[in-house]
Each structure stands twice: as structure tokens, then as C-alpha cells.
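The sequence shown begins at 1 in the UniProt record's numbering and counts up by one.
Okay, so here's the structure we're looking at.
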Amino acid sequence: MPFNTQLTRALGIRVPVVQGGMQWVGYAELASAVSNAGGLGILTALTQPTPEDLRKEIRRCRQMTKNPFGVNLTLLPALVPPDYAAYAQVIIDEGVKIVETAGNSPGPVIKQLKAANTIILHKCTTIRHAQSAVKMGVDFLSIDGFECAGHVGETDITNFILLSRARQSLGGVPFIASGGFADGQGLAAALALGACGINMGTRFMCTVEAPIHQNIKQAIVDADETDTELVLRRWRNTSRLFANKVAKAAVKVEKESPTGKFEEVAEYVSGKRGRQVFLNGDKDFGVWTAGQVMGLIHDIPTCDALLKRIEVEATETLRSNQNLFVQEGDQPVGPSGTVGKNTNNPGAEIWGVGKSKL
Ligand SMILES: Cc1cc2nc3c(=O)[nH]c(=O)nc-3n(C[C@H](O)[C@H](O)[C@H](O)COP(=O)(O)O)c2cc1C
Numbered sequence: 001m002p003f004n005t006q007l008t009r010a011l012g013i014r015v016p017v018v019q020g021g022m023q024w025v026g027y028a029e030l031a032s033a034v035s036n037a038g039g040l041g042i043l044t045a046l047t048q049p050t051p052e053d054l055r056k057e058i059r060r061c062r063q064m065t066k067n068p069f070g071v072n073l074t075l076l077p078a079l080v081p082p083d084y085a086a087y088a089q090v091i092i093d094e095g096v097k098i099v100e101t102a103g104n105s106p107g108p109v110i111k112q113l114k115a116a117n118t119i120i121l122h123k124c125t126t127i128r129h130a131q132s133a134v135k136m137g138v139d140f141l142s143i144d145g146f147e148c149a150g151h152v153g154e155t156d157i158t159n160f161i162l163l164s165r166a167r168q169s170l171g172g173v174p175f176i177a178s179g180g181f182a183d184g185q186g187l188a189a190a191l192a193l194g195a196c197g198i199n200m201g202t203r204f205m206c207t208v209e210a211p212i213h214q215n216i217k218q219a220i221v222d223a224d225e226t227d228t229e230l231v232l233r234r235w236r237n238t239s240r241l242f243a244n245k246v247a248k249a250a251v252k253v254e255k256e257s258p259t260g261k262f263e264e265v266a267e268y269v270s271g272k273r274g275r276q277v278f279l280n281g282d283k284d285f286g287v288w289t290a291g292q293v294m295g296l297i298h299d300i301p302t303c304d305a306l307l308k309r310i311e312v313e314a315t316e317t318l319r320s321n322q323n324l325f326v327q328e329g330d331q332p333v334g335p336s337g338t339v340g341k342n343t344n345n346p347g348a349e350i351w352g353v354g355k356s357k358l
């Protein structure tokens, strides 16, 4: 059954699941597969070397799906920043109506995109930044908890707090939950906390259509929630990465260097080597981004199978939760139809409600 949330209505999608921008992963193959499956697929603008390449990628994606898709524009500190205005102009000229913005000082880009009636989902890791983005006129916030892959920010607040803070303090501006989501139970929980959808990164990396080496998908399946490292905290640019040999070496230098010079870790955290990982399948070749949600990922489905599964799980979770309360005065009915205590489970009688917890 299609969902009916502010996100699905505004974006014209069936399942309230967004595939977040992913450097060196967010190509047309993945974005179109997610959109074809009923979610919102997103191309990553800076994965394309020039604005003109982004134009070609948008056109390629449009040939692969008739459904809406978006573009991610990430504004990160750089010695020579990309021409963000030119990338934004291509997005506008190509008629893409949905953009995920992320990173520092997005004001001018948001203004440019809003002037062209673009729907903006702005991703941020603090309520303070979310409130600033609201003032800039964004349409949705994408609230990225500390669990997330990539830039986690510097405040280390996980989604249980962040999402309820968003519900309480964004003046009703709709938000989606990002970071740590992989299944329909997670979607149901996010909806219960007030979000109108979820954003997933790592989970979508581990799908058939993600254009990265099979070994890396398998590394995600084999990993658990403890297999990430936080790097670059010393320079207040903290990123959550897959805990491979290079990330661990970078953390060691970061913690032990008496100088605190960024040049000492620069070679470890080089994006160029990270990009090669996705192509050559050697998980230790360079650093690459992944989130704690790896602990919840056990397979490599197609995007279609994944979104169908999430839809069923979320629907069943939301429905079955209705059995968790009864009319005042009614006897509670257990799963096997028994009233009061569950006779299929003798342990429940011995250690049931009201008994000591040992
Ligand atoms: C490989 C990879 C690359 C990413 N690159 C970007 C990026 O360029 N821009 C961005 O805004 N977010 C980026 N992200 C973050 C995702 O869009 C998303 O916010 C995050 O993955 C959510 O956490 P999750 O992995 O627990 O689902 C990246 C994530 C991954 C896994």
C-alpha cells in the first residue's frame, strides 16, 4: 500500500525513502534504480568533474527512469572550491525539481535553487543548523544523526534525541530521518518520532545496482556496527569511515602527532585512493565512508526488493503496534489468543510481568 506522508506527497514518490548523495556511488545506475523502485534516487553532483558532466549524467538518469529523482550538492571546505553556482544552474536548466543540499554556508545556493522553485531537502547534524536552514526557506530537513556515514558534525547527538528535538523545535517544517536506517522497522520508528520519511546511504551502497565493486558490498555485509572509525576530529571535520587499515593508521597519527599538522594525515585520508577502493575492490586501499548501520545489513538485494521489503516491514510494524494497547477495561489478548498470560511460553509464567528481574 503506498504511503501518504508530507514527503511522498511533495515529491510524488510511493515509499518515503530517500537515497542520500554519495560521492563516487551516486551515479545514474543507482539513482534511477531507487526511483524506479518507488523511492527518491539522488545523483551526486560533485561525482561529476564539471557542471557539463553533471548535465550529461542528469540526461542519462532521465533515460533510465520516468520517476522523479534529485541531485545532491555538497558544500565542503576546499582550497579551490568547485563552482557551486554553475552546478546549481545546470540542475535548474535540466529541470530537476528536487535537490539535497549539505555542508557549509549553503545560503547562496539555496537562494539560487529556491528562485527556480526547487524543492530543497537540507541535510544537517544539529538543530541549530536546521533552524538556520528553515530561515533560508528549505522545504525539508534531513536530520543526520551521529550514527550516520560521512560527516557526522562535532556534537555527537544520535537520532533518538535529534529527531524529537526536530519535532519539537522546527516550527512544523517537515523533516526526514537520516543515519542508521536499513529496514522498515526503522522507517516505522522514524515516522513515530515525527519524521515524514528516511534517508539511507550505506544500505543503498549494498544493493545490486550500486556501481561499486562486489568486494566492498561484501565487506559491508561482513562488518558490524562497531566497524567504523571517526577521523579528522582534531580538525573539526569529523567523518565516520569504514574501519580499515588506512583509517586506523590515520586515527593513530591524528591522536599521537605532537604537531597537529593536517599534512601528516592528508595522505591517509586522500579521496583519490578512496575512490579507487570502489573500483578495485581492495577494502584497505584507501579510506571510504560507511555508517554504523552496517551491523543491520546482511544481504545485497536489488533496490526494488529492498524497498518492497521496507514497505512490508514498516506497514506490518505500524499495524501490529496497534495491538499493544487495549480498550480500558478489556482483558489483554496475547499473540496465541490466550488471555492474560502466554501459555505457549512457560518462562513467561515464571518470569512474567510483576515478578522480580533476578
Ligand atoms: C560512500 C558514501 C558517500 C557519501 N557521500 C556524501 C556526499 O558526497 N554528500 C553528502 O551530503 N552525503 C554523503 N554521504 C552521506 C549520505 O548521504 C547519508 O547522509 C548517510 O549515509 C546516512 O547514513 P547511513 O549511511 O547510516 O544511512 C555519503 C555516504 C556514503 C556511505
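We put the CB at the ideal spot given by N, CA and C, even for glycine.
Could you name the residues of the same chain whose beta carbon sits closer than 6 Å to that of residue i, not counting the 5 residues immediately before and after it, in chain order?
i	result
P174	Q6, F140 and C196
P2	R14
G12	P68
E225	Q292 and G295
G271	none
P51	A86, Y87 and V90
Give the range of the beta strand (DSSP E) segment to which residue i is assigned.
i	result
Q19	V17 to Q19
D144	F140 to D144
I91	Note, I91: premise wrong, no beta strand (DSSP E); alpha helix (DSSP H) at Y84 to D93.
L279	No beta strand (DSSP E) contains L279, which is instead part of the alpha helix (DSSP H) from G271 to N280.
N67	From DSSP, N67 is part of no beta strand (DSSP E); its letter is neither H nor E.
F175	F175 to S178
I198	I198 to M200
Excluding the 5 residues flanking residue i on each side, which residues of the same chain have their C-beta closer than 8 Å to its C-beta?
i	result
A249	Y268
F262	W235
Q168	none
Closer than 8 Å to a non-hydrogen atom of ligand 1 - does that hold for the CB of residue i?
i	result
Q214	no
R129	Inspection of the sequence shows that residue 129 is occupied by His rather than by Arg. For ligand 1, not one heavy atom lies less than 8 Å from the Cβ of H129.
M64	no
M1	no
E100	yes
V221	no
N199	yes
D144	yes
V293	yes
V25	yes
M136	no
C148	yes
A31	no
A247	no
S178	yes
F181	yes
L46	yes
R203	yes
H298	no
G21	yes
N67	no
Leaving aside the five residues before and after residue i along the sequence, list all residues of the same chain whose C-beta is less than 7 Å from its C-beta, in chain order.
i	result
D183	L296, I310 and E313
T74	G21, L46, A102 and G103
N345	Low per-residue confidence applies at N345: pLDDT is 47, beneath 50, and the placement is therefore not dependable, though the value from the model is reported in the following sentence. Nothing meets the Cβ criterion.
M64	A28 and S32
A88	L73, V109, Q112 and L113
S105	L75
E147	T158, N159, G179, G180, G291, Q292 and V293
Y84	L73, L75 and V109
E154	R236 and T238
L358	Residue placement at L358 is poorly supported in this model, since its pLDDT is 40, which falls under 50; the coordinates are not used for a value here.
Would you list the residues sitting across from residue i in a DSSP beta bridge?
i	result
K97	In the DSSP output, where bridge partners are listed per residue, K97 has none listed.
T44	N72
E229	L241
T289	L241
A102	T74 and K123
G150	R240
Would you give the residue range spanned by the alpha helix (DSSP H) that residue i belongs to?
i	result
K123	Premise fails: K123 lies in the beta strand (DSSP E), I119 to C124, not in any alpha helix (DSSP H).
E311	C303 to S320
A133	I127 to K135
N159	N159 to S169
V34	A28 to N36
Q112	G107 to K114
residue 359	Here the chain covers residues 1 to 358 and nothing more, so residue 359 does not appear.
L7	Q6 to L11
Hey, residue i and residue j are a contact pair by Cβ (cut 8 Å); roughly how many whole angstroms apart?
i	j	result
V287	G274	5 Å
T289	S239	7 Å
I143	A130	7 Å
L30	E209	5 Å
L163	A190	7 Å
V34	Q19	4 Å
V71	F278	Not a contact, Cβ separation roughly 20 Å.
R188	L318	At residue 188 the sequence reads Ala, which differs from the Arg that was named. Correct: roughly 5 Å between the Cβ atoms.
A115	D304	Incorrect: roughly 36 Å between the Cβ atoms, too far for contact.
A166	I212	A166 to I212, Cβ: 31 Å. No contact.
I300	T202	About 12 Å separates the two Cβ atoms, so there is no contact after all.
Does residue i come within less than 9 Å of chain B when only Cβ atoms are used?
i	result
I98	Of the protein chains in the structure, only one exists, and it is not chain B.
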